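Protein chains in written order, with this note's numbering: chain A, 2 to 204; chain B, 3 to 247.
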């Protein structure tokens, strides 16, 4: 993907912060509807109506996660054999990330999932890792990812999505699975079995 | 007029606190946009209306060209560049047509009325020589003596005005035009990163925030986009005249 980066040769961050809190920037915020300039990183605009300092800090944290962990995580997902119920180095890496910043970790994984939607191995790996967490630990990105998986063309990825909901075993999971249709008979049989098990478990 | 298209964004200001990343809502939206192949993802929202961080829902096309952000009080539809020079972004008229379709789908289901509409566009003009860039500055500004003697290599020209002329059903519009001299790097898939210095032109045209009545629906975009694009076109012509004669 192309990206434009503005080189801020003559700016200091401190000035930007003070501008944000000035009366002028507040007035401009009301007229301006822009939130962010996604292509133009490393720049602070008072014109950006409500791109708060916190949002920019979050963007920087997410960027750091991508830089520090993405290639390592993807490599682990591609190289490892996963077994349900057994923690792998990929699980350990994600737990370490969660410990550091849970909110950013979940957003980072969600982005990785979308960016690698054509890479079956990565998708299945992410789903397996997330399914090892409790539902409450991964909500809302966990079920968001698993739902996206159910829209994948690969039956194996969809199976992993169903299995993630099965592992989480929540009432939400049951509601989702009851509305899923699978064309493949083997997958549909598995889905029906999971729904029956969850109904029994949650009744 | 634009050599590089940066992005387009249309926004509908509406209370959307119920459109959250829950399995029920995601299923509805995935069905709604099944022909587009959008995927659900999330973003953190922190702003004046949500001072504590909230996880909000975003729909993304697989290549990130399209994004629909469901913030707590606004829905933003954006089209981003994914190929060289933003050629995929296309013309603004096509963006507007697609956006109206997307908002119709969303508001057709969630039956919401909003209080504000907005369109943001930005792009960069073709490359200019150093001399031409300096001339643009002198055409737009009456500089202080210091900057006359030391010509600036970065500057921003921002104008905000209300347009009463284009009132139709939307009411007066805020018209914001930014003309900036920017310096940057273009990263492309080959990782070749040529530096550039260009004039960037962006617009933020929106209905005024003072009227908080939830009076807009999906059809309101017809009048709004028509007025906003007229104004944008007029100003672009004026910029063209000033810059190129």
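C-beta: ideal position from N, C-alpha, C; glycine also.
Values in this document were obtained by computation on a predicted structure and should not be read as measured data.
Check, Outcome
"How about residue 165 of chain A and residue 128 of chain A: do their beta carbons lie closer than 7 Å?", "yes"
"Quick test of your reading: residue 178 of chain A and residue 192 of chain A, contact by CB under 8 Å. State the CB separation rounded to the nearest angstrom.", "6 Å"
"Measure from the C-beta of residue 1 of chain B to each C-beta in chain A and report whether the shortest distance is under 7 Å.", "Since the first residue of chain B shown is 3 and the last is 247, residue 1 of chain B is not available in this structure."
"Less than 7 Å between C-beta atoms, sequence neighbours within five positions excluded: which residues of the same chain meet that for residue 168 of chain A?", "132"
"What residue ranges within the segment 4-45 of chain B form continuous beta strand (DSSP E) runs of no fewer than 3 residues, ordered along the chain?", "4-15"
"Closer than 7 Å, CB to CB, is residue 168 of chain A near chain B or not?", "no"
"Closer than 8 Å, Cβ to any Cβ of chain A: which residues of the segment 224-242 of chain B, in chain order?", "none"
"Measuring CA to CA, which of A:139, A:163, A:82 and A:142 is closest to residue 123 of chain A?", "A:82"
"At a cut of 8 Å, does the segment 97-105 of chain B reach the segment 75-87 of chain B through at least three beta carbon pairs?", "yes"
"Using CA coordinates, which residue listed in A:111, A:66 and A:73 is at the minimum distance from residue 101 of chain A?", "A:66"
"Taking residue 10 of chain B as the reference, which of B:118, B:94, B:3 and B:21 has the closest Cα?", "B:94"
"So, residue 40 of chain B versus residue 58 of chain B, is the Cβ gap smaller than 7 Å?", "no"
"Using beta carbons (cut-off 7 Å, strictly below), is residue 147 of chain B in contact with chain A?", "no"
"Between the alpha carbons of residue 48 of chain B and residue 18 of chain B, how many angstroms are there, rounded?", "15 Å"
"Just curious, the beta strand (DSSP E) that residue 158 of chain B is in, first and last residue?", "157-165"
"Decide if the segment 161-180 of chain B is in contact with the segment 199-216 of chain B; the criterion is three or more beta carbon pairs, one per stretch, under 8 Å apart.", "yes"
"Relative to the C-alpha of residue 244 of chain B, which residue among B:213, B:229 and B:141 is closest?", "B:141"
"For the structure I just gave you, are there three or more beta carbon pairs, one from the segment 213-228 of chain B and one from the segment 142-162 of chain B, closer than 8 Å?", "no"
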